[in-house]
Each structure stands twice: as structure tokens, then as C-alpha cells.
Amino acid sequence: MELNNEIRVAVPAVRIWEVLTDVERVAPCLPGATLLSVDGDEFTGAVKIKVGPITVSYKGVAAFQEKDAVARRVVLKAEGKETRGSGTAAALVTAQLKDEGDSTNVVITTDLAISGKAAQFGRGVLADVSSTLITQFARNLEAELLGGSPRPAQPATATAAAATAPGSDSVDLIKVVAGPMARRFAPFLAAALGAGLAGFLIGKRRARPATTTDQLIEAVLARLRS
Amino acid sequence: MTVTARYAGTRVARVEDTRLLTGKGTFVDDIQRPGMLHACFVRSPFAHAAIKRIDPTEALSLPGVIAVFTADDLNQDVREAWHAVTGKDVPDTPRPPLAEGEVKFVGDPVALVVAENRYLAEDAADLVDVEYVQLPAVADFRTVVGGDEDVPVVHAAYPDNIAGGMAGAPPDEELFATAAHVVKERIYQQMYVPVPIETRGIVVEWTSATNELTIWASTQTPHELRAFGARLLGIPAQGVRVIVRDTGGGFGQKVVPMREDMCLMLAARKVPSALKWIEDRRENLVSAGQSRHVDGTVRMAFDDDGKILAADIDFVQDVGSYPTPYPVLTTAAIGMFFPGPYRVPKSSFSYKTVFSNTPGLHAYRGPWQYETLTREMLLDIAARKIGMDPVELRRINILRGDEMPFVNPNGMPYDNCAPADTFEQAVKILDHEGFRKEQADALAQGRYIGLGFSAYIEPTGAATGHLATEGATVRMEPTGKINVYVNGGSSGNSIETTVVQLTADALGADIGDVSTIQGDTAVTPYGAGTQGSRSAPMTAGAVNEAGTILRNQILAMAAHRLGVEQDDIELAGSRATVRDDPDKSVSFAEIAYRSYYEPAQLGGISPTLEATARFNSQSMIHWANATHACTCEVDIETGHVTLTRYIVSEDVGPMINPNVVEGQVAGGTVQGIGGALLEKLAYDDAGNPQASTFVDYLLPTATEVPVIEFGHVEIPGPGVGGYKGAGEGGAIGSPPAVINAINDALAPLGVTVTQLPATPAAIVELIEAQSGKDH
Amino acid sequence: MKARGFAYHRPDTVDEAVGLLREFGDEAKILAGGQSLVPMLAMRLTHFENLIDISRIDELIGIELRDDDVWVGAATPDAFVGMDDEVAESVPLLTLATPYVGHFQIRNRGTLGGSIAHADPAGEYPAVALALDARMEVASRRGSRAIGATDFFTGLWETSLAGDEVLVGVRFPVWRGRCGFAVEEFARRHGDFAIAGTALAVQLDAENKVTRCGIGLMGLGPTPVRASAAEQAVVGRRIEELTAQDVGGIAMTGLDDIPADLQGSARYRIRVGAAMVARAWTNATREALDA
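Chains as they are written, first to last, in our numbering: chain X, 381 to 606; chain U, 45 to 819; chain R, 306 to 596.
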């Protein structure tokens, strides 16, 4: 499955690049991870994933497949086996930096393949577990880059929404609800959409198929209007 | 005739129930043997991978772990591994006991761990270190046929992944091109499985002093398991004993020994005491096998009046990675039976069976039922297209009793049935016209209710090969009580009860005096077990053969003792009574006592009060048939389907026990309802099973199924007593009845379900897609 | 499906229980009814070296009115909650929600506290707690505190309980006046996990204007969710001005991370969620109007 995360940090791309290509600074960002050995661009480690009562521990290797300083792109390949049990996890993580002067947009795309018990449930658990992991990784990375302590894993507050400059997305979403409905409920919708937006920008993840929340909202509201 | 049929045809209470309902049944997991060890399989987490290395060191270091066996340890001991249902000369698909070099589905057994208890065995299994190199997998069999060069190969010996195939005469394309009405649909049935309440299991115990192997198993075929086990290990069959007491459901999953059973039998001689394997529910859902997974295109051509001119079916069946023997066999039946119980002048079929990296195909109650699913769905679709009520379309095409014998266009000789009778009975029970009024009223209120019919004809009690005969031993004990011994395979289908009824009738015994012993190969005559809806007709035949002999012996002794001719005697209630002088009578107990303890007083009659005989069925097939009718309501906001009425109008000939027949039909029907609405053994793109527990694999429960109403038609079949088989029909007729009811309800919205299961989300998607088109 | 071995502890008091929690830290897990935990242990999806069974601690079992709340002890079985008269009188949402919690066998052993601490996004009790702004009472060796429902559910099966804390009780506020309550849930079969559902409470004034509204949603996110947009949209309005369909639609706005799985897509869940809220709104407002 494919997971997407995006973080925008008020740190120049150069500094982020340093961190991303430094195994010993990146590895601790992965929640529950322990670095066991480093050998050039290859390292071994262990990861303990915990979501609620479920814990799965993997041990494996990871290696940088690509470090393109010009394109500002890092590709990391990781493979691990459960320490107890026969399940495996394999991830191809691509981090793409977009220089925006004093800040940088980091797009993290993860191609994840899991086998074993964790992959044998239909009730959407795996997607949530994986996404939580990657989202926490993104937040920890951000904290590491900002030099502060990691942000708590909670949906964004209004403050966060203000801190992240709302892009053109917010305008589009308000436009979506234009019409008789908007006139009746505009103030309430704006607040709700604001809260939704913040979550949208901070840690949006897409599991296949890639339908965004706003598209779904639009579809539902369109149905109500028709 | 000196015997009155007193019990056959009546709703006798089941002899199995007391022990089963009070928790006193003896299932495989109840077997305890001295020093018994426990087995657990290490299973592949990948749908397809090469096995590089298996390291059991850490597992073996756990105290209480006795052994870890791999393919290297077990597979080479296989002497012969063919099954009677195919015979030894038919080439078979690969079926190594443990995975050899490659794993081919998630759950593929890679190693067998033996430990002092199952907890330890699971601890050890977690510690067996297997190094795999993952390979691309075929998760969806529909990608195989279609010419994509990149489809991974499941078995090297089958580079195109095609296990087999067959085609009859080609379709009459000119007829299809010119007929007044032609319908064509692509219909997909999902993978779903029997889910017996008792998972698979086996206990093996090797006694080296006498070179004997004792097997306790959960199986439908104890004698074939014995024969297979003997061949597998290269030991004389006399040295193998299979004991089966209670089996909690089989439905085809327990007809032939599977790879895990093979592993246990192969390991038996390598462990110091008895070895037990009980599968847990996750293993059962992930690795026991799969069934019903078929994708195909069906067509029918009609004349102006709606009479069927021709039918054609072209399909692909998924056989998984390690299908149980000869999947081509039952798959061919799909093509052969596609015309169903209708007057179809021309029929054509063509199919392929293909491998995929999923568990292997096994039989499931009426394994060919895709023919009924597609034909009945197509008839409803045709009716709507032509502008006829689906009931009317069936009425003008369904076969009547006076048309028998009728040979269907594929050469199937229908006889001893009247599909039109079961059909009309179903229509009457439902009040079809009343429902149409109710439906119109509901639609005016914005509610969507619908009605679905489905009719089918099925071959039961087929007399082929080892299925054609059945043995019985009937014995009067020194106390006068009767024991009847038949091969067994009782797995919830009440064949202890029915054989006791038949035997009591055959001898004129009181039913309380008759007991049955089944399932122990040391004690019972050979039989093919319970499969193919054969138990009723075949057991009736066998009991008749042996019972007749014993009855004559009883009559001879009674006649001598009472001083009358044999013809003057009536046997009833465990007594022999002179018909015209009822005071002159002698009990079975008295007859037996004399025979066993005072044989000198028999007057020269042989003191033999037992008989063993084999029944050789002369009837190739006993044709059973039924019509199912179902009404439902669809909540179009959520897509939820509620079944409001369910009617089965069936003809299985005279019924040995109506309770048993209704139980069999109801059970199969509920399985079919599950297949139509709820059950799906789903796999993701990588071949990971998604429905590995009951959270995701949804079985119908009492709250999803209405009370099933029955109508019986009793047209005698050709066998003894006229009994026809009743085991599989329910599961055949039900999915299309449900789907047709949904399609009938949603017809005003222009929605037609053609992919199973009809989940709420799938129905909503169809509704939204259709209304999207309409705007 | 045999769990790995573990040490089993059965403390008699809360104090003992939190002492054990502190002693064993990550290696310990609280066990109440076991209806969620035990299957995970049996399937070896998780393992704890120590299980601390609190199901028989008297101080954790009970239902009573405390000020303007109904207090339910964390180890109180669901079945008791569903049968209780005080609950039916004062927190009808709990009474309405209970029959949806699995099957009666599960409810006989499962506990309200266990359900809330497990925090399944499709859970009924968590959605009720959220809709009513319940307060979770929590204890550890460091002391006691109360956590509001809006701060309690933090992620999939995650709560703001610290590792050494145990939930001891939940206080559900009592709504008085012209109130109506409804629970509507859609599941594949009776007793299955909710695909989408709602616990809805509404209060009207004398002019049929909505004075309060609490809408907890099940199955529509990684946690139970408040349909805040819908709540804010209805407060202050006369119910004659609102249609159930509108309320249902607005309830589905502002939702993020709607699950998509074997049972249906996110889009499907929104459709069902809107229908469930609409039906609950109809039933609850009808009850409030008659009150």
C-alpha cells in the first residue's frame, strides 16, 4: 500500500538534507526504533510498533538506495522480519524536499508491503497502524529538524492552523459549499472546515484509492443539494 | 411382505442428539492417548516465495519440543499418494506433504513442530527461522486467462497456469445471432468455503511392536482414509485402523485426506507416541482450501414466446495452488448441468481451470452449483428483457413429469422427477400474485421489495467406481437387540438415525432395540463414505440386502418355533407373531436366546443371526430437484438486504425422515444465503488472506435468515425405497434465489447484481453508478 | 490460537492494581472482561508478561448517581449497564447503545470501562461518552485525575491514559428537560462492528429550539468522533427548520481519515453515516417533542 505524508518545516532545505542523509539522526525518528549497527549506507535495526494493545517487533536492515543531492531526493529501502513469528515488513521510503527559501516542504511517500498476521485482517487495521507509524515518523523528523521535542500525536489545534499558512485549498473548500446550504450554515461550516483543514495539511495520509476528504465532502453535499 | 414400514417416513428423533447436545460427543480433539504429543505447522506468510533455509535450532532448544520436521524429513517417505475418486492412473496435480523448495500460498505448511502440548508447539513454531525470497504471486485467477505475459507461474510444470479444461460441441452462433431474444451476462462468484464447526484434525498412533497405525480423524470417508494411509506409507491396509466417532461437519472439506493429514501420517513412525493435530479457526480459513471461485459468461437464446432455444456457458475456475484430486472432474459438471431442469434443445460449454497462489480447490456441497447460479440469474434477466414475469418464463420452459425420461442436450438422462411440480408448489406456497401486489404498494411508498426463484436438478447417489456399492452388516445380539454396521462418515447429516430407522423397518424391530456402529474400519464394511448425496439411497440399498437375509433367518427360526409357515408370520415391534393368531408369538429376545444358548433346539436351522451383504446400485443417478423462492427488502440508503421469506419446495423422493431432509436442506440453504450476501474469502493484491477470522469472514446467523418453509414432493427414485439423495441441494439452489430477489427489488432502479457477494457496499455502488447514468 | 505464557495477577483493590502497573510498566496489561484483549492474546497479535485482572475489584463495579452525573464503575459488565433502571432514567443513550455491543454473551463479560479504555473507533460506549462529554476517572500511584472525553481518545486504540494509569470509572452527565436520545448503527450482521453509527442526544426549549446537541459518531475515523459541525449547525434553530437529511449531511463534514476496508469505502461510510444520523435525529427529536 501507498502512504503519503507531507510536512512543511521552517528550516532551509540544506539543513534538512543533512539530517535526512544522516542515519544516526533519522533512525531515532522512527517510533520504537533502535539502531543496532551502521555500515556506510546500510544499517541494521529493530522496530517495535505499538498501536493500542497490539505490538509487533521487527528486526531487519535498511539501506539508502538513492541520495540525490541535486534533486534533493532520498530513497531508503528497509526490510524486516518479526522477531517472534513469521511476518515481514518491507518499505521503500522516498523523501522529496522542495526548497521554499526559509522553509522546506518534505513529501514522504512510502510503499509498504506487509506479510504475516498483521496483513491478514480485512478490518482496516493495518492501514491505520502503518499510517500512524509514518505520521509519527514525520512529526518526529520535524521536531528533530526544529531542534525541539516531538509534538504530541493529536489532531491539530487552531493554533497550528494559523501557523501553517492556509493555501488556496481553504478557499476552494469554502467554494465547494456555496449555494443555499452555505448561506444557512456558513459560519458553522467555516469553523468545521478550518478544523478539518488543519488536519488535512498537517498529516494527511492517503490509502488507495486516492480520494481526498474534500472530494468526499463535495460528493455528499452535491447529493444533498440535488 | 411380512414387514411393515413403521419408521421410515416419520420424524423420528435423532439418535445422535442426546450425546451431541449434552457435550458428550467424541470428536477428534476429545481423543486422549497415553503420552500423546501435539503438532503445529509452521506456515508461509507469503503467497509465493522460494524457501532458502529452515533453521529449527532455536525452536528445538525449548524444553518440551520433540521435533521439527521439514520436507526433507517427510516427503521422501511417500510411497503412493493417489485417491480413489480419481484412481491411480489419472495424472494428478502436485501435492507435496510439506512445501518443497517453494511456498505457493499464504498458509502453505513448511514445517511440522511436535511438542508436549499445543501451547509449546505454537511457541516453538514462532521460533522456527525460515528464510524466504519473496516471488511475484498470482493473487487473482482472473489475470491468468487473458494473455498477459507477465503472470507469475504457480507450478513450473504448468507454465501457463492452466490445470485443465474441456469444451463440448461449439455454440450455435447463428442461432444466437438470429434468435428473437438473446441475453448475455458476465457473472462472478466469489471464493467461499464450508466452514465446518469442527475444524480439521487427526490423531495418529504408530505401534511399532505390531507395525500398526491407528488413526482417529475428522473425516467423511473413514475407509478411504485407511486405504490412502496404507498406500501412503507402503504398509498393508490390514495394519491400518481408522476410528471416527463424531465429525462436526464436512461438506466436502473432509472427503479426502489433505496435505496436513499426510504429514501427520508420515510423522507417526518418527515420534515416540500418539500425535495429535487440531487446526485452529485461522488455519482453517487460511489453509484448508477454497471453493466456488468461478468467473464466466453465460448466454441464452429465446424465441418470441420465451421458449429457450439454446444455452451457452464459458467460464474459468480457480483451483488454487494445491487442488484436491482431479478438479477437472466436478468442474465439467458445471457445463454438463447448465441446461438445468428445463427444455433446452441446444447447450454448449467450455472452460478452463487455472492455478493461483491461494489454497487449493476442494469440494463444497454441490461443487458444480455455478451452473444453477448463472442459469437462474440469467433467466430472470431474460424475463425482464423480454417483458415477462420470471415465474411465467420458468413455467413455460420447465420440464414436466410426463416428459421423463428426458435426456438433456449434454447427454444427462433425467428421470424419476417432475421439476414443474416442485416449481408450482413453490409458487403456490409463496402466493406469487399476492406478492406482486404487495411489491407495487411498497414501491409507491419508496420501499424496494423483491422476489426471486431458482430451480435446479441434481444428480445424487451416482453409481460410479467405488461409490457404486455399499455394505452393511446386521446382527442380532444374544439379547435380541440389533446392531447395524455401515461404513460411516456421519458428520452432522444424521446417517446414524436414518440407518437405524431403515434397519428397524427391515427386520420389524422396535426402534429402541436397534443401534448402529459406524466409522470404525476394523468393525464396519467398506464404504465410500458420505459424499455426493449418496448416503440415503446407498444405505437403504445395503440395509435392504443384509436385512433381507437376516429377516429370513429370523422368520425361519420363528416359523419352526411357532409351528407355522414363514408366510404366516408378521415381524413387528421386535416380535414374530402369527398373523391370524396373534396370541401365538415369540420375541426377538427369545429367538436370539435359543439360537445362541440352545442351538440344539433349533431343529436343524442354522444358528446364524447376522448377515453381511453389499448393495450394488443399478441406478446410475438418482435425480433430485427443487425450486427455491425468496423474498427480500433492500434498504437503498445502506444497501442492506433483509430476507423476509424463504421457501424450498423439493423432491428427494420418499423421505426416510422428514426432519433429516429438512435439516439437510435448511443447512445447505443457509450456506447459500451466506454465499449470496456475506461470505467471501478475500485476498489482497499480494495474496494475503483478508478474511482470516470470523470478524472478516461473515457467516449468516439466526438473525439473518428467516424461518425456512418447506414443501415436499415425493416422486420415487429408482433405488430401494425410492429414496434419493438430499445432502447437497440446499446449497445449490439458494444463492440465485437470493440474488434474483435483490435484482427483482432493484429492477425499478435499473440495477442488476452480477458479482457475488451482494454486499451492502456493492449494492450501493451499483445504485450510485446507475443513478449517475440516469442524470 | 494459544496465547504465549504470562503471569496472572488478581489484585483485590485499585491501589494494589496500580502498584502492579507501576512495578511491571510496559510488561503489564489490565484485563477486565477480556472480550477484546483475549482474542488478541490468543492470536498472538500481542503479548504481555503480566495480566492484571481487575474484574473482581468491588470498588470498580457499580452504578450510582453522583451529583448530576451517573457514575459507572470501570469493571461494570455491559449487561448491568444495559439493564440498570438508573441508567435508563438518567443516561438513556447507554441503555440504547448496549444492545448493539456484540452479543449478550459478550456483554455478560465485557465491561464499560474496558470498552472505553480499548477505544475502538466503532465502539458504542466511546461514542456515547463523547456525545455526552463524559469524564473518565483515572488512578495511578501518582494520584487521581479526570479526563474529559474530548481529550481522552487520541488515536486508533490509543487514549491519553498514561502507562501506569487505570480507568476506574466514567461519569456520564445527566441531561434534563425536553430531551431526546437515539442510537442508530449499521453493521453487516446483528452484533458486528459498526460500519457507521451514531449516539445522538438533543435538548429543546419550550419553543422547540435546540438548546443542546451531542452527536458521537462510530466507525468514521480512527477514533470516535464528535459531529461538531452538525451540533453547531442545529443549536439555536427550531427543529421545524431542520430536516433530518440536512443534519445527516452536515454531520459528515469535517471528518478525516474515514476508514476504507473490506466492508466498504470511505465514500460508502459517509453515505451510511449520514443516513444513521438522519434516522437518529428523527427519532431523538420526536422523543424530545413529546417530552
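No residue lacks a Cβ here, since even glycine has one placed at the ideal position from N, Cα and C.
Please read all numbers here as calculations on a predicted model, not as lab measurements.
Return the bridge partner residues of residue i from the DSSP annotation.
| i | result |
| --- | --- |
| proline 153 of chain U | U:Arg87 |
| glutamine 476 of chain X | X:Arg453, X:Val487 |
| threonine 464 of chain R | R:Phe458 |
| asparagine 355 of chain R | R:Ala312, R:Ala333 |
| alanine 516 of chain U | U:Ala657 |
| valine 342 of chain U | U:Glu229, U:Ile357 |
| asparagine 669 of chain U | U:Ile501, U:Asp695 |
| alanine 405 of chain U | Position check: residue 405 of chain U holds leucine in this sequence, whereas alanine was assumed. Paired residues: U:Gln334. |
| proline 214 of chain U | The partner list for proline 214 of chain U (beta bridge, DSSP) is empty, contrary to what the question assumes. |
| arginine 517 of chain R | R:Gln508 |
| aspartate 419 of chain X | X:Glu422 |
Any heavy atom of the ligand ATP closer than 7 Å to the Cβ of residue i?
| i | result |
| --- | --- |
| arginine 326 of chain U | No copy of the ligand ATP appears in this structure; indeed no ligand is present at all. |
Drop a sphere of 10 angstroms on the beta-carbon of residue i, count the other beta-carbons inside from all chains shown, and report buried for 16 or more, exposed for fewer.
| i | result |
| --- | --- |
| lysine 555 of chain X | Here lysine 555 of chain X scores only 30 on pLDDT, less than 50, and its place in the model is too uncertain to base an answer on. |
| glycine 769 of chain U | buried |
| lysine 132 of chain U | exposed |
| alanine 596 of chain R | exposed |
| lysine 429 of chain U | exposed |
| histidine 408 of chain R | exposed |
| leucine 573 of chain X | Any reading at leucine 573 of chain X is ruled out, since the residue's pLDDT is 37, under 50, leaving its predicted position unreliable. |
| tyrosine 529 of chain U | buried |
| phenylalanine 738 of chain U | exposed |
| glycine 576 of chain X | Here the model assigns glycine 576 of chain X a pLDDT of 34, short of 50, so the residue's position is not dependable, and the following value carries that caveat. That one is buried. |
| aspartate 695 of chain U | buried |
Which whole-angstrom value describes the C-beta separation of residue i and residue j, a residue pair presumed to lie in contact below a C-beta threshold of 8 Å?
| i | j | result |
| --- | --- | --- |
| glutamate 304 of chain U | proline 153 of chain U | 6 Å |
| isoleucine 440 of chain U | lysine 351 of chain U | 6 Å |
| glycine 432 of chain X | leucine 461 of chain R | 6 Å |
| threonine 688 of chain U | proline 750 of chain U | 6 Å |
| threonine 613 of chain R | glutamate 391 of chain R | With chain R running from 306 to 596 in the structure shown, residue 613 of chain R is simply not present. |
Can you check whether the C-beta of residue i is within less than 8 Å of a C-beta belonging to chain B?
| i | result |
| --- | --- |
| methionine 345 of chain R | Looking at the structure shown, chain B is missing, and the protein chains on hand are X, U and R. |
Three or more C-beta pairs under 8 Å: does that hold for the segment 360-376 of chain U against the segment 397-415 of chain U? Counting Cβ pairs under 8 Å, three or more are found: they touch.
When the Cβ atoms of the segment 370-390 of chain U are set against those of the segment 181-191 of chain U, are three or more pairs found closer than 8 Å? When C-beta atoms of the segment 370-390 of chain U are compared with those of the segment 181-191 of chain U, fewer than three pairs fall below 8 Å, so the two segments do not count as touching.
Between the segment 773-785 of chain U and the segment 479-499 of chain U, do at least 3 Cβ pairs fall closer than 8 Å? yes
Looking at C-beta atoms only, is the number of pairs between the segment 476-488 of chain R and the segment 431-441 of chain R that lie closer than 8 Å three or more? yes
Selection of the segment 566-580 of chain R by Cβ proximity to chain U, strictly under 8 Å: Leu567, Gln568, Gly569, Ser570, Tyr573, Arg576, Val577, Ala580
Segment contact, 8 Å Cβ cut-off, at least three pairs: the segment 212-231 of chain U with the segment 409-424 of chain U: With contact defined as three or more Cβ pairs closer than 8 Å, the segment 212-231 of chain U and the segment 409-424 of chain U are in contact.
Residues, ordered as in the chain, of the segment 452-468 of chain R that lie near chain X by beta-carbon distance below 7 Å: Thr459, Gly460, Leu461, Trp462, Glu463
Check each residue of the segment 404-416 of chain R: if its Cβ is closer than 8 Å to any Cβ of chain U, include it; give the result in chain order. none
Using a beta-carbon distance cut-off of less than 8 Å, what residues from the segment 88-111 of chain U approach chain X? Residues of the segment 88-111 of chain U whose Cβ lies closer than 8 Å to any Cβ of chain X, in chain order: Ser88, Pro89, Phe90.
Output, in sequence order along the chain, the residues in the segment 155-183 of chain U whose CB is closer than 7 Å to any CB in chain X. Asp170, Val174
Of the residues that make up the segment 669-701 of chain U, which ones have a beta carbon closer than 9 Å to any beta carbon in chain R? Of all residues in the segment 669-701 of chain U, Asp679, Glu681, Thr682, Gly683, His684 have a Cβ within less than 9 Å of some Cβ in chain R.
Tell me which residues of the segment 483-517 of chain X have at least one Cβ-Cβ distance to chain U shorter than 7 Å, keeping chain order. Of all residues in the segment 483-517 of chain X, Ala493, Ser495, Gly496, Ala499, Gln500, Phe501, Gly502, Arg503 have a Cβ within less than 7 Å of some Cβ in chain U.
The segment 554-572 of chain U contacting the segment 250-267 of chain U, beta-carbon criterion three pairs below 8 Å: yes
Taking three-plus beta-carbon pairs below 8 Å as touching, is the segment 279-292 of chain U in contact with the segment 68-86 of chain U? yes
Select from the segment 414-438 of chain X all residues with a C-beta closer than 7 Å to any C-beta belonging to chain U, and list them in chain order. Sequence-ordered contacts of the segment 414-438 of chain X with chain U are nonexistent [C-beta pairs closer than 7 Å].
Name, going along the chain, the residues of the segment 454-471 of chain X whose beta-carbon falls closer than 9 Å to a beta-carbon of chain R. Arg464, Gly465
Check whether the segment 652-670 of chain U and the segment 566-585 of chain U touch, using three or more Cβ-Cβ pairs below 8 Å as the test. The count of Cβ pairs closer than 8 Å, one atom from the segment 652-670 of chain U and one from the segment 566-585 of chain U, reaches three, so the stretches are in contact.
Assess contact between the segment 298-313 of chain U and the segment 695-711 of chain U, defined as three or more Cβ pairs (one per stretch) separated by less than 8 Å. Is contact present? no
Should the segment 529-544 of chain R be called in touch with the segment 508-521 of chain R, which here means at least 3 C-beta pairs below 8 Å? yes
Can you confirm whether the segment 543-554 of chain R touches the segment 573-585 of chain R when touching is taken to mean that 3 or more C-beta pairs between the two stretches lie within less than 8 Å? Taking 8 Å as the limit for Cβ pairs, the verdict is that the segment 543-554 of chain R does touch the segment 573-585 of chain R.
Kindly confirm or deny that the segment 514-523 of chain U and the segment 641-656 of chain U touch, where touching means at least three C-beta pairs closer than 8 Å. Yes, since at least three Cβ pairs between the segment 514-523 of chain U and the segment 641-656 of chain U fall closer than 8 Å, the two stretches touch.
Is there contact here, the segment 313-330 of chain U with the segment 80-92 of chain U, by at least three beta-carbon pairs under 8 Å? yes
On the three-pair Cβ rule with 8 Å, is the segment 439-451 of chain R touching the segment 537-545 of chain R? With a cut-off of 8 Å, the segment 537-545 of chain R and the segment 439-451 of chain R do not count as touching, because too few Cβ pairs lie within range.
Looking at C-beta atoms only, is the number of pairs between the segment 468-476 of chain X and the segment 436-453 of chain X that lie closer than 8 Å three or more? Here the segment 468-476 of chain X makes contact with the segment 436-453 of chain X; the two share three or more CB pairs at distances below 8 Å.
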